[in-house]
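*Asks:*
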Amino acid sequence: MIRTHDAGTLRATHAGTTVTLAGWVARRRDHGGVIFVDLRDASGVVQVVFREEMATAHALRNEFCVQVTGEVGRRPEGNENPELATGEIEVTATELVVLSEAAPLPMPVDDQIDASDELRLKYRYLDLRRSGPGRAMRLRSRANQIARTILHERDFLEIETPTLTRSTPEGARDFLVPVRLQPGSWYALPQSPQLFKQLLMVAGMERYYQIARCYRDEDFRADRQPEFTQLDIEMSFVTQDDVIELGEAIVGALWKELADHEITTPIPRITWHDAMARYGSDKPDLRYGVELVELTDYLRGTEFRVFAGAIDAGGYVGAVVMPGGASQTRKELDGWQDWAKARGARGLAYVVLDAESGEARGPVAKNLSEAHLGGLADAVGAKPGDAIFFAASTDRREAQELLGAARVEIAKRAGLVDENVWAFCWVVDAPMFEPTEEGGWTAVHHPFTSPNAEWMERFEDAPDEALAYAYDIVCNGNEIGGGSLRIHRADVQRRVFDLLGITAEEASDKFGFLLEAFKYGPPPHAGIAFGWDRTCMLLAGADSIREVIAFPKTRGGFDPLTGAPTPITAQQRTEAGVDAKPKPAGPTAGTSGVAAPVEPS
RNA sequence: GGUCCUGUGGAGCAGUUGGAGUGCUCGCCGCCCUGUCAAGGCGGAGGUCGCGGGUUCAAGUCCCGUCAGGACCGCCA
Numbered sequence: 001m002i003r004t005h006d007a008g009t010l011r012a013t014h015a016g017t018t019v020t021l022a023g024w025v026a027r028r029r030d031h032g033g034v035i036f037v038d039l040r041d042a043s044g045v046v047q048v049v050f051r052e053e054m055a056t057a058h059a060l061r062n063e064f065c066v067q068v069t070g071e072v073g074r075r076p077e078g079n080e081n082p083e084l085a086t087g088e089i090e091v092t093a094t095e096l097v098v099l100s101e102a103a104p105l106p107m108p109v110d111d112q113i114d115a116s117d118e119l120r121l122k123y124r125y126l127d128l129r130r131s132g133p134g135r136a137m138r139l140r141s142r143a144n145q146i147a148r149t150i151l152h153e154r155d156f157l158e159i160e161t162p163t164l165t166r167s168t169p170e171g172a173r174d175f176l177v178p179v180r181l182q183p184g185s186w187y188a189l190p191q192s193p194q195l196f197k198q199l200l201m202v203a204g205m206e207r208y209y210q211i212a213r214c215y216r217d218e219d220f221r222a223d224r225q226p227e228f229t230q231l232d233i234e235m236s237f238v239t240q241d242d243v244i245e246l247g248e249a250i251v252g253a254l255w256k257e258l259a260d261h262e263i264t265t266p267i268p269r270i271t272w273h274d275a276m277a278r279y280g281s282d283k284p285d286l287r288y289g290v291e292l293v294e295l296t297d298y299l300r301g302t303e304f305r306v307f308a309g310a311i312d313a314g315g316y317v318g319a320v321v322m323p324g325g326a327s328q329t330r331k332e333l334d335g336w337q338d339w340a341k342a343r344g345a346r347g348l349a350y351v352v353l354d355a356e357s358g359e360a361r362g363p364v365a366k367n368l369s370e371a372h373l374g375g376l377a378d379a380v381g382a383k384p385g386d387a388i389f390f391a392a393s394t395d396r397r398e399a400q401e402l403l404g405a406a407r408v409e410i411a412k413r414a415g416l417v418d419e420n421v422w423a424f425c426w427v428v429d430a431p432m433f434e435p436t437e438e439g440g441w442t443a444v445h446h447p448f449t450s451p452n453a454e455w456m457e458r459f460e461d462a463p464d465e466a467l468a469y470a471y472d473i474v475c476n477g478n479e480i481g482g483g484s485l486r487i488h489r490a491d492v493q494r495r496v497f498d499l500l501g502i503t504a505e506e507a508s509d510k511f512g513f514l515l516e517a518f519k520y521g522p523p524p525h526a527g528i529a530f531g532w533d534r535t536c537m538l539l540a541g542a543d544s545i546r547e548v549i550a551f552p553k554t555r556g557g558f559d560p561l562t563g564a565p566t567p568i569t570a571q572q573r574t575e576a577g578v579d580a581k582p583k584p585a586g587p588t589a590g591t592s593g594v595a596a597p598v599e600p601s
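With UniProt numbering applied, the first sequence corresponds to residues 1 to 601, in that order.
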């Protein structure tokens, strides 16, 4: 080692010790006759003092990489710095070696100053020298370790699965990789290891996990990157409760150690339907109340056409209350209309209750009968001074989701979110299917998700009502993990495919290898996958998953550091077989649509 | 694909109803300085105002287009 101690570990007990340190110049304070340098390494910062005889230190600049030898001493009386862990002492240098110099910095390596995202990503190696970003990396490493410890204690095997594979049917667009040895054929990068982990269950591994990189070619967000990580888990011979118990053990350990928060177990469970009815979301933020109230029956018979139209068509009318919302200006109330329109709704009807008289006012109030207005406050649980927002639609879920989004916005604007609270829940009993635009059905989770016991033998009777053994774990309104019991009976799988309109040929073409495996005694199995970036983001208190990824990409999928993606050369293009000519006919492939097979070129 | 915000020396920001010279803080370079910890003092260098077009006597400022970054919707478990 070219150093004897880590800078951040030095304490008063080291006084009198001669140490050699190595690290970076975090800051220098040059007084002419004496120079102070804050020396930073991964462990922290310590003040190094250069006296007159160490004149070479004048040439030091920020972020020079240096090796310093000197004696640890207590700082002179009154010069201690209680802000620093090493603030009681300093190192008086007797030797200085500049290991490497630093050019003028394109961005400050300083915890105080914030640079733009693009610049931070371009110089991510400088960004990560800062304590906040560096801490996020260390936290994530620790999170991995905690999860691995729990899983190994429980006899899980860490098994890697391919990243060059064929499409698995998660539903997102695949990233594709041309195959030089078979021009015209392509690998897909996995959207998740879903099918492989099920094969590992057939293989008798019984307990599998992997911190797995996944790839989805969709539009990106603050919490979505083209490549992301799942803590992926699958177990044989278990029930839903077993998976949930494991999930709670992992989450409990993570939050205990990394967020200093003891999660009360069992984590409350709410059914998907209750979550939609009460919170208008399948990932409800339970840090605050502001629950939805259904008014379909209460308002039955109303002459207000917006509501009557929805009710008569068998739809839904509901409301959500904004505490104190009556004090909003006309401009603010109009702002809600723009807010609603921005997410595709026609608008957001509202009534405000006068703070003194409790009288209902606002454009919608004129359209409601005396009787409806009279009991409204009680029906929705509103007080004088509150505002009531309404949504009505023939599509129950659509109206609930609008109110659910309004609920989140209300909490934000009314300051109801307590940032110090961690509110977890499991959302269980999710629906198996949802209707497609073409009048068919599609799997909400994925087509291998098992119907629950109640629906196992009759999900075809009412596909819109059938429930699955599927569960999501939600933290403060973020889905951090989800999973399901899988179908292991061939007959049930066949019936699900039938309902989804997947023929035997198509099924065999898309994932025949899994169906083939399921012929040979597949065990009952279930699993869960945690969105690891999102989980670490929450633990780090960050508001973007970019903060917990070492080298993230921008919204456009661009990496400002490497400049990826780049065009390829003509030679690469030819060798990769990107332009191989399609054959007129042949066996199909891919996850959907007709494949374009090729002639060898 | 849609809506919105941002783009001004290396960094972070200001720039009024369009009007004389684009200003501040940090950093950078030089000099001074023995107890600072966001050290201080003096001096200096550094800018196609993202890019293209238009309106105007005159555009950093107004309009159109475009590029880049960000937030959201659609999409995506």
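Glycine residues also receive a C-beta, built at the ideal position from the N, C-alpha and C atoms.
Taking its Cβ as the centre, do 16 or more other Cβ atoms sit within 10 Å of P600, making it buried, or is it exposed?
*Replies:* Residue numbering aside, residue 600 sits at position 600 when the first sequence is read from its first letter. In this predicted model, P600 has a pLDDT of only 39, less than 50, meaning its place in the structure is not dependable enough to derive any value.
*Asks:* Pull the bridge partners of P431 from the DSSP assignment, please.
*Replies:* Here the question's residue 431 lines up with position 431 in the first sequence. According to DSSP, which records beta bridges pairwise, P431 is partnered with L467.
*Asks:* How many whole angstroms separate the CB atoms of F530 and L231, which I take to be in contact at a CB cut-off of 8 angstroms?
*Replies:* As a first step, residue 530 is located in the first sequence; it is residue number 530 there, counting from the start. As a first step, residue 231 is located in the first sequence; it is residue number 231 there, counting from the start. Contact flag correct, Cβ pair sits at about 4 angstroms.
*Asks:* How big is the Cα-Cα spacing for G78 and G87?
*Replies:* For the purposes of this step, residue 78 is taken as residue 78 along the first sequence, with counting starting at 1. For the purposes of this step, residue 87 is taken as residue 87 along the first sequence, with counting starting at 1. Each residue's Cα considered, the two are about 11 angstroms apart.
*Asks:* What does the alpha-carbon distance come out to for the pair L195 and A212?
*Replies:* For this step, residue 195 is matched to residue 195 along the first sequence. For this step, residue 212 is matched to residue 212 along the first sequence. Those two C-alpha atoms are separated by around 13 angstroms.
*Asks:* Would you call E52 buried or exposed, if buried means 16 or more other Cβ atoms sit within 10 Å of its Cβ?
*Replies:* Position 52 of the first sequence, counted from the start, is the residue given in the question as residue 52. Exposed is the call here.
*Asks:* Taking the continuous alpha helix (DSSP H) assigned at E257, which residues delimit it?
*Replies:* Within the first sequence, the letter at position 257 stands for residue 257. 240-258 is the span of the alpha helix (DSSP H), which, as asked, contains E257.
*Asks:* Is the region 250-259 touching the region 546-565, taking contact as three or more C-beta pairs under 8 angstroms?
*Replies:* Segments in contact, no.
*Asks:* Look at H525 and M201 and say whether their C-beta atoms are less than 8 angstroms apart.
*Replies:* Position 525 of the first sequence, counted from the start, is the residue given in the question as residue 525. Position 201 of the first sequence, counted from the start, is the residue given in the question as residue 201. The answer is yes: Cβ separation under 8 angstroms.
*Asks:* Check whether the region 415-422 and the region 294-306 are in contact - that is, three or more C-beta pairs closer than 8 angstroms.
*Replies:* Contact fails: fewer than three Cβ-Cβ distances are below 8 angstroms.
*Asks:* Who are the Cβ neighbours of I244 in its own chain at under 7 angstroms, not counting the five residues just before and after it?
*Replies:* Numbered from 1 along the first sequence, position 244 holds the residue referred to as residue 244. The residues are W426, Y471.
*Asks:* Tell me whether L376 sits in a helix, a strand or coil according to DSSP, three-state version.
*Replies:* The residue you call residue 376 lines up with position 376 of the first sequence. Correct three-state label for L376: helix.
*Asks:* On a CA-only basis, which of A550, T569, E575 is nearest Y123? Give me that one, please.
*Replies:* Against the first sequence, residue 123 aligns to sequence position 123. Selected option, being the one with the closest Cα: A550.
*Asks:* Helix, strand or coil: which one does DSSP assign to V598?
*Replies:* Taking the first sequence and counting its residues from 1, one reaches residue 598 at position 598. Per-residue confidence for V598 stands at a pLDDT of 48, beneath the threshold of 50, marking its modelled position as unreliable; the derived number appears in the next sentence. Reduced to three states, the DSSP call for V598 is strand.
*Asks:* Between which two residues does the beta strand (DSSP E) holding L21 run?
*Replies:* Along the first sequence, read from residue 1 onward, the residue named residue 21 stands at position 21. Run containing L21: 18-30, per the beta strand (DSSP E) assignment.
*Asks:* Which ranges would you report for the beta strand (DSSP E) in the region 455-514 if only whole runs of at least 3 residues count?
*Replies:* Here the runs fully enclosed are 470-475, 478-485.
*Asks:* Taking just the CA atoms, how far does Q210 sit from T161?
*Replies:* Working through the first sequence from its first residue, we reach residue 161 at position 161. Working through the first sequence from its first residue, we reach residue 210 at position 210. The alpha-carbon atoms of T161 and Q210 are separated by roughly 8 angstroms.
*Asks:* May I have the straight-line CA-CA distance separating W272 from T436, to the nearest angstrom?
*Replies:* The residue you call residue 272 lines up with position 272 of the first sequence. The residue you call residue 436 lines up with position 436 of the first sequence. W272 and T436: Cα-Cα distance of roughly 20 angstroms.
*Asks:* Would the beta-carbon of G8 fall within 8 angstroms of that of V45?
*Replies:* Walking along the first sequence from the start, residue 8 turns up at place 8. Walking along the first sequence from the start, residue 45 turns up at place 45. Yes, Cβ-Cβ distance for G8 and V45 is below 8 angstroms.
*Asks:* Which residue's Cα is closest to the Cα of G23: A102, L368, V364, G521?
*Replies:* Here residue 23 corresponds to residue number 23 of the first sequence, with the count starting at 1. The option with the nearest alpha carbon to G23 is A102.
*Asks:* Would you call the region 442-460 and the region 355-364 in contact, with 3 or more CB pairs under 8 angstroms?
*Replies:* No: fewer than three Cβ pairs fall under 8 angstroms.
*Asks:* Determine the direct distance from the alpha carbon of R216 to that of G556, and round the result to whole angstroms.
*Replies:* As a position in the first sequence, residue 556 is number 556, starting the count at 1. As a position in the first sequence, residue 216 is number 216, starting the count at 1. If you take the alpha carbons of G556 and R216, they lie about 13 angstroms apart.
*Asks:* With distance defined between alpha-carbon atoms, name the residue in A172, K197, R305, C475 nearest to Q191.
*Replies:* Here the question's residue 191 lines up with position 191 in the first sequence. Ranking the options by Cα distance to Q191, first place goes to A172.
*Asks:* Skipping 5 residues on each side, what residues in its chain have a beta carbon closer than 8 angstroms to that of R573?
*Replies:* Counting from one through the first sequence, the residue named residue 573 turns up at place 573. Cβ within range, chain order: D579.
*Asks:* Along the chain, where does the alpha helix (DSSP H) that runs through R148 open and close?
*Replies:* Indexing the first sequence from 1 puts residue 148 at position 148. Here the alpha helix (DSSP H) through R148 covers 131-153.
*Asks:* What first and last residue would you give for the beta strand (DSSP E) that runs through M201?
*Replies:* As a working mapping, residue 201 is identified with position 201 in the first sequence. M201 -> not in any beta strand (DSSP E); alpha helix (DSSP H) instead, spanning 194-202.
*Asks:* State the Cα-Cα distance for the pair P522 and D127, rounded to the nearest angstrom.
*Replies:* As a position in the first sequence, residue 522 is number 522, starting the count at 1. As a position in the first sequence, residue 127 is number 127, starting the count at 1. Near 49 angstroms, if we compare the C-alpha coordinates of D127 and P522.
*Asks:* Excluding the five sequence neighbours on either side, which residues of its own chain have a C-beta within less than 7 angstroms of the C-beta of Y279, listed in chain order?
*Replies:* In the first sequence, counting from the first residue as 1, residue 279 sits at position 279. Here the set comprises E291, L292, G404, R407.
*Asks:* Can you look up R180 in the DSSP assignment and give me helix, strand or coil?
*Replies:* Taking the first residue of the first sequence as position 1, residue 180 is located at position 180. Three-state result, R180: coil.
*Asks:* A466 and M432: beta carbons closer than 8 angstroms?
*Replies:* By one-based count along the first sequence, residue 466 stands at place 466. By one-based count along the first sequence, residue 432 stands at place 432. It is a contact, given that the beta carbons lie within the stated cut-off.
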